[in-house]
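One gets the working numbering by counting positions in the sequence shown from 1 and adding 2 to each.
Here a beta-carbon is modelled for each residue, glycine too, at the ideal position from N, C-alpha and C.
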Amino acid sequence: MRQLIIKIPKGNREKMLKTVEEYEGKNTIYLSNEQYDVFYIYLSNKKVNNFLKQIDQFEKPEITLIPRGVISLYPPASESPDQVADVQTKSSLEIYLGGIQSVGSMFGLFGYSFVAGIIVWIGLYTSTSYLLVAAMLVAPFAGPAMNAALATAAGKMDLLKSSLSRYFLAIGTGILVSFLLTLIFPLTTLTPLMEQISQVSKFALFLPIVSGFAGAINICQSERDSLVSGAAVGILVAASLAPPVGLVGAGLYMMDWQVVFSSLFRILLQLLGIHLSATLVFYFYGKVSPEGIRFLKGSKKAGLITTLLVVAGIGAMMFWQFAQPPYLRKASMNTELTEELDKELQKIDFITVLNKSANFSNVKMNDKSIARFDATIIAKDTVIEDEELKSYVIQFLKDNIRYPYQDDIYQVYDIKVAKD
3 MRQLIIKIPK GNREKMLKTV EEYEGKNTIY LSNEQYDVFY IYLSNKKVNN
53 FLKQIDQFEK PEITLIPRGV ISLYPPASES PDQVADVQTK SSLEIYLGGI
103 QSVGSMFGLF GYSFVAGIIV WIGLYTSTSY LLVAAMLVAP FAGPAMNAAL
153 ATAAGKMDLL KSSLSRYFLA IGTGILVSFL LTLIFPLTTL TPLMEQISQV
203 SKFALFLPIV SGFAGAINIC QSERDSLVSG AAVGILVAAS LAPPVGLVGA
253 GLYMMDWQVV FSSLFRILLQ LLGIHLSATL VFYFYGKVSP EGIRFLKGSK
303 KAGLITTLLV VAGIGAMMFW QFAQPPYLRK ASMNTELTEE LDKELQKIDF
353 ITVLNKSANF SNVKMNDKSI ARFDATIIAK DTVIEDEELK SYVIQFLKDN
403 IRYPYQDDIY QVYDIKVAKD
């Protein structure tokens, strides 16, 4: 429940109490002086927005909404457990105003983006994965992304423009920091962690979809009903944003356009995916709409057009991703090729496979992406010479490995024969 303090001109006491009763307000306290009537009211979350619309009939009502959960107990005492367990989502008004309030200062946005850019660059430079997690904690990407979705659901284009500008400011700051650090401490080649992160999976859209869903659910739920902290959800939103932001800066310095464009692809896809899923949650679950919020004058048409543009943008990016193999699908194709490698190796009866892997490199040969097939084997028949065995296995793999887009990939093989 939420506590509201309402101050209205004197003489409206009975109308106000009737309205409170209509909306099932509990434990109401009434105070009065010569000019005003003051009411302390406790309402269910979902009734707050419509209640405030109703009291607009009174002249210039003054409202204080305390955005904290309140436990309101009332007779009969035997129903107290049920009263406490009735935890509801926030009102659409509180969701919207909370988003506006969370915008914060530009200095804070710039400062956190600057710090996150430094941390992620160090993590990429030293191949230290836990520093990337630290950067996700600091990176202020979740707030602007959520507010942009909130703006679309409410049909408020001014908030949408402001949120997008803050989003791209945070992204731009991180890219600039990474570029400057690479300029000061020059890199001539990608670190292993950079190569790994630069590769995009065909499942890349799933992460922003679930991130936007989780972020919007967290914002809509009452704090006593949320099982996950806001910080944890913020990490989820920033999980696939902070590393690519750092990669863009380093890639620009090295003029590695594969890395730059794949990272920019992921950054834009994150925004679109988060925006779509969060907008739908705010609209259908949080009831945030142009008509659903007191005093809000949003445009339903503008919100619909924005949503359609986001859907069209996602469709275009998915077409781009699947139309150019394996450029934007290397991360998932690594797994697919490893499975194909294992299947063919198992057909060779006189070897035992210790380990195997298939990985794409960012280097090209004959204008084709290079896929390296690695395997360590032991010969069951020790009479066979190592070089002869390696040659046989490599030729067998060349003749038998088949997978989609094989003609677009340059294959290399690294087969090792272990000794017992």
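DSSP on residue 326, reduced to helix/strand/coil? Sequence index remark: in the sequence shown, residue 326 carries index 324 (1-based). Three-state DSSP puts residue 326 in coil, outside helix and strand.
Short of 8 Å in beta carbon distance, which residues of its chain neighbour residue 303, apart from the five on each side in sequence? Order them along the chain. Translated into positions along the sequence shown, residue 303 becomes position 301. Within the same chain, residue 303 has close Cβ partners 157.
Just confirm the distance between the C-beta atoms of residue 5 and residue 42, as a whole number of angstroms; I'd bet it's less than 8 Å. If you number the sequence shown from 1, residue 5 lands on position 3. If you number the sequence shown from 1, residue 42 lands on position 40. Their Cβ separation, rounded to whole angstroms, is 7 Å, which keeps residue 5 and residue 42 in contact under 8 Å.
Count the other CB atoms, across all protein chains shown, that sit within 10 Å of the CB of residue 406; report buried if there are 16 or more and exposed otherwise. Translated into the one-based positions of the sequence shown, residue 406 becomes position 404. Residue 406 should be labelled exposed.
Just the C-alpha distance for residue 288 and residue 219, rounded to the nearest angstrom, thanks. Against the sequence shown, residue 288 aligns to sequence position 286. Against the sequence shown, residue 219 aligns to sequence position 217. Rounded to whole angstroms, residue 288 to residue 219 spans 8 Å at the Cα level.
Determine which residues share a DSSP beta bridge with residue 41 and list them. Taking the sequence shown and counting its residues from 1, one reaches residue 41 at position 39. DSSP, once it has assigned bridges, lists 8 and 32 as partnering residue 41.
Please return the same chain residues whose Cβ sits closer than 7 Å to the Cβ of residue 282, not counting the five positions on each side in sequence. Counted from its first residue, the sequence shown places residue 282 at position 280. Same-chain partners within the cutoff: there are none.
So who's on the other strand from residue 413, going by DSSP bridges? Here residue 413 is taken as the residue at index 411 of the sequence shown, counted from 1. Paired residues: 373.
Integer Cβ distance of residue 193 from residue 129, believed to fall under 8 Å: In the sequence shown, the residue the question calls residue 193 occupies position 191. In the sequence shown, the residue the question calls residue 129 occupies position 127. Between residue 129 and residue 193 the Cβ distance is about 5 Å, and since that is below 8 Å, they are a contact.
What's the C-alpha gap between residue 431 and residue 333? In the structure as shown, the chain begins at 3 and stops at 422. Residue 431 is therefore absent and cannot be evaluated.
Within the same chain, show all residues whose beta-carbon is closer than 8 Å to that of residue 178, passing over the 5 residues directly before and after it, in chain order. Within the sequence shown, residue 178 is the residue found at index 176, counting from 1. Excluding sequence neighbours, residue 178 sits near 119 and 251.
Using CA coordinates, which residue listed in 187, 357, 397 and 403 is at the minimum distance from residue 419? In the sequence shown, the residue the question calls residue 419 occupies position 417. For the residues 187, 357, 397 and 403, the minimum Cα distance to residue 419 belongs to 357.
Going by C-alpha distance, which of 57, 210 and 255 is nearest residue 11? Walking along the sequence shown from the start, residue 11 turns up at place 9. Among 57, 210 and 255, the Cα nearest to that of residue 11 belongs to 57.
For the ligand NAP, is there any heavy atom lying closer than 7 Å to the beta carbon of residue 114? The ligand content of the structure shown is nil, which means the ligand NAP is not present either.
Less than 8 Å between C-beta atoms, sequence neighbours within five positions excluded: which residues of the same chain meet that for residue 379? Position 377 of the sequence shown holds residue 379. Correct list, in chain order: 347, 353, 354, 355, 356, 391, 395, 417, 418, 419 and 420.
Is the separation between the beta-carbon of residue 125 and that of residue 139 shorter than 8 Å? On the sequence shown, residue 125 is found 123 positions in, with the first residue counted as 1. On the sequence shown, residue 139 is found 137 positions in, with the first residue counted as 1. Not closer than 8 Å, so no.
Inspect the beta-carbon positions of residue 165 and residue 150 and report whether they are closer than 8 Å. Along the sequence shown, one-based indexing puts residue 165 at 163. Along the sequence shown, one-based indexing puts residue 150 at 148. Cβ atoms of residue 165 and residue 150: closer than 8 Å.
Are residue 141 and residue 244 touching if we call contact CB-CB under 8 Å? Against the sequence shown, residue 141 aligns to sequence position 139. Against the sequence shown, residue 244 aligns to sequence position 242. Cβ atoms of residue 141 and residue 244: closer than 8 Å.
So which of 324, 181 and 323 has the shortest CA-CA distance to residue 257? Here residue 257 refers to the residue found at position 255 of the sequence shown. When only C-alpha atoms are compared, the closest one is 181.
Which value, in whole angstroms, describes the spacing of the CA atoms of residue 206 and residue 280? Against the sequence shown, residue 206 aligns to sequence position 204. Against the sequence shown, residue 280 aligns to sequence position 278. Whole-angstrom Cα-Cα distance: 17 Å.
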